[in-house]
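In my numbering, the protein residues as written are 106 to 737.
Glycine residues also receive a C-beta, built at the ideal position from the N, C-alpha and C atoms.
Because the structure is a prediction, the values reported are computed rather than measured.
Take a look at the structure:
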């Protein structure tokens, strides 16, 4: 249809009509009336005869008879073929065992009415074996009252909470005896054995000074100042990750800072939600902050080398730091055997720092296709995870985004260092648009050999539904079951009848992580709510699939962080797992790698150790935890 400005006027229409011949009034030339009428008569008879013949043919072709029923049988074969291509969606029920397991933890956010941005972001947690008894313990990172707040001195100050697993999935609060009963405005954690003594150490990010605790055989000693990793006292750090970026056998530490926040700046913003009621400020109102990279010097000392290593990215228009980091993950994006770093930034482009093998990195997020959306927009990116979710050479990156934005699912083109966001085409993206996703990670929760996607959701504003009826403050978590790359819809959002009502119960979701807490082979789920109670969900799937869990022991980097385990399944398929505890949002997972096998029975696996060496390992038995030590 022409646009209004291109539409013809009534005068133009009349002019064009006047130029057309008026067949009802035009007279034939003199002397030709009878001949013309005769020709028209015989042509009319011919036309009538032709119509009778066509009608008879249609009747004969469509009358009831044997040939018609044969044709119907041929047509009904199409729906049968489509049905054969579908897959059965499994039951993966989860049961809330938080109280039964002995966990009584509520995250404290310090809210007292001023609506300060950090109050919306906390809620970190993680699984790790702090006491070396081969089961998974839990650490919750807590926040506290602000220094200027009115405090009730009769109540103890909120602290971190450490829960010890007895090996059966029952937990005991051991915070005080372990030396972690400290109170500060914490965000997230990073677990790693930085001194290679065989005991996992703990780094905690915070609004203000960060904290490093050395694990002294199950007792934690703060060594922040002597190690040189406190950061800047007025900074706000969120994600952190241990990894050996220069392959010297010692774990280094990367820390993402969020925004240049102060109470004064926050209160000066005229942020409103309903009428004159104050709302939480947006990250676009704050400057970005450079990331930290702490190089492990040995002897418990670190040197901050972020600028020299190429991690300082500035806004070309303003010259100020650009990063607003909420998620960090490692992957080998260009398949050169060295770990690269992907960073999820909130409202600015994401980074993909490619390891140049000389102690420096180069951001190739734009050229590789993970910096922005398909239409060139930055997203409100939160949590992140990386994995080969198609069981082939393609790298995958999942990023949880803000409400009314699809979460991102980037997929590489095989071994080529280029990515495309396949969230819309795999079925994952459309189902995430309404949710505000913080924690997100890959995990094979039904042990069928395909990595599923877990999402923890929750909004920032308690009154958001007053403005946007489709939004809720508390939101249900989501489990996207991986149906396989050959299916038209690879990721299927499971409903409550598949996951159980406990999994779908709404919360203000932040941290989301997984581990096998009860040694039955499948992965259980831990969810933390901002300002609310934590939930421990036991995986009660009974599908009978085989599994294999791998624990690696490196000669230098004792946890083998950055190692890759590959299992050849035949038919061009292979499963891969990269050892990293930092995944999701402010979360840490267990170090053990879980392989769901379905009905497969692989006989061998390959370990690519962090130093680049490879080791073939035979598989003698399935359905077990298998420890692999690096050979000389």
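Element boundaries [beta strand (DSSP E), containing residue 266]: Going by DSSP, residue 266 is part of the beta strand (DSSP E) stretching over 266-270.
Proximity winner among 671, 377, 210 and 735, relative to residue 572 (alpha-carbon distances): Nearest option by C-alpha distance: 377.
Residue 568 versus residue 382 - alpha carbon distance: Distance from the CA atom of residue 568 to the CA atom of residue 382, rounded to whole angstroms, is 10 Å.
Assumed close pair residue 335, residue 329 - CB separation to whole angstroms, cut-off 8 Å: Indeed they touch by this definition, with Cβ atoms about 5 Å apart.
Closest residue to residue 584 among 593, 544, 412 and 564 (Cα-Cα distance): If we check each option's Cα against that of residue 584, 544 comes out closest.
Residue interval of the beta strand (DSSP E) (run including residue 681): Taken as a continuous stretch (DSSP letters only), the beta strand (DSSP E) holding residue 681 covers 678-683.
Residue 656 beta carbon less than 8 Å from that of residue 635: The criterion of a C-beta distance shorter than 8 Å is not satisfied by residue 635 and residue 656.
Residue 569 (DSSP reduced to helix, strand or coil): For residue 569, the three-state secondary structure derived from DSSP is helix.
Which listed residue (465, 452, 424 and 371) has its alpha carbon closest to that of residue 399: Its Cα nearest to that of residue 399, the residue 465 stands out among 465, 452, 424 and 371.
Residues of its chain near residue 419, where Cβ-Cβ distance is below 8 Å and the 5 sequence neighbours each way are ignored: Around residue 419: 425, 426 and 427.
Same chain, Cβ closer than 7 Å to residue 99, neighbours up to 5 away in sequence not counted: The question about residue 99 has no answer here: the residues shown for the chain are numbered 106 through 737.
Three-state secondary structure assigned by DSSP to residue 671: Reduced to three states, the DSSP call for residue 671 is strand.
Three-state secondary structure (DSSP) of residue 419: Secondary structure of residue 419 (DSSP, three-state): strand.
DSSP bridge partner residues for residue 640 (one or two, in chain order): The partner list for residue 640 (beta bridge, DSSP) reads 632.
CB contact flag (residue 732, residue 721, <8 Å): Contact: no.
Buried versus exposed, by CB contacts within 10 Å (16 or more), residue 511: By the neighbour-count rule (16 or more Cβ atoms within 10 Å), residue 511 is buried.
Residue 728 versus residue 626: straight-line alpha-carbon distance, rounded: The C-alpha of residue 626 is placed about 7 Å away from the C-alpha of residue 728.
CB-CB length for residue 451 against residue 396, believed under 8 Å: In fact, because the Cβ distance is near 14 Å, the residues do not count as touching under 8 Å.
Proximity to residue 536 [Cα-Cα], best of 509, 645 and 343: For residue 536, the closest C-alpha among the options 509, 645 and 343 is that of 509.
Rounded distance between the beta-carbons of residue 349 and residue 667, thought under 8 Å: About 6 Å separates the beta carbon of residue 667 from that of residue 349, a gap short enough to meet the 8 Å contact definition.
Test item: CB-CB of residue 506 and residue 500 under 8 Å: Not a contact, by the Cβ cut-off of 8 Å.
Status (buried if at least 16 other CB within 10 Å, exposed otherwise) for residue 272: By the beta-carbon neighbour count (other beta carbons within 10 angstroms, threshold 16), residue 272 is exposed.
Distance CB(residue 637)-CB(residue 316) smaller than 8 Å: For residue 637 and residue 316, no; Cβs fall outside 8 Å.
Spatial neighbours of residue 202 in its chain, beta-carbon cut-off 6 Å, leaving aside the 5 residues before and after: Close CB contacts of residue 202 within its chain, under the 6 Å cut and outside five residues either way in sequence, are with 641 and 643 (chain order).
Span separating the alpha-carbon of residue 193 from that of residue 582: Distance between the alpha carbons of residue 193 and residue 582 is about 22 Å.
Secondary structure, alpha helix (DSSP H): runs of 4+ residues fully inside the region 353-377: Correct list: 368-373.
Beta-carbon proximity check, residue 618 vs residue 230, cutoff 8 Å: The answer is yes: Cβ separation under 8 Å.
Whole-angstrom distance between residue 690 and residue 357, CA atom to CA atom: Taken atom to atom, the span from the alpha-carbon of residue 357 to that of residue 690 is near 20 Å.
Length at least 3, wholly inside the region 387-463: the beta strand (DSSP E) runs in chain order: Counting only runs of 3 or more, we get 397-403, 406-409, 430-436, 445-450 and 456-460.
Alpha carbon of residue 387 to alpha carbon of residue 564, nearest angstrom: Roughly 13 Å between the two C-alpha positions.
Secondary structure of residue 252, DSSP reduced to three states: Residue 252 falls in the coil class under three-state DSSP.
Minimum C-alpha distance to residue 421 - residue among 443, 432, 409 and 453: The shortest C-alpha separation from residue 421 is found at 453.
Rounded C-alpha distance that separates residue 280 from residue 236: The C-alpha of residue 236 is placed about 13 Å away from the C-alpha of residue 280.
Cβ-based burial, residue 597 [other Cβ within 10 Å; buried from 16]: Result: buried.
Contacting residues, own chain, Cβ-Cβ under 6 Å from residue 629 (five flanking each side not counted): Taking residue 629 as the centre and dropping the five residues before and after it, the same chain places the C-beta of 622, 643 and 644 closer than 6 Å to its C-beta, in chain order.
Whole-number beta carbon distance between residue 612 and residue 385, since they are thought to touch under 8 Å: Residue 385 to residue 612, Cβ: 18 Å. No contact.
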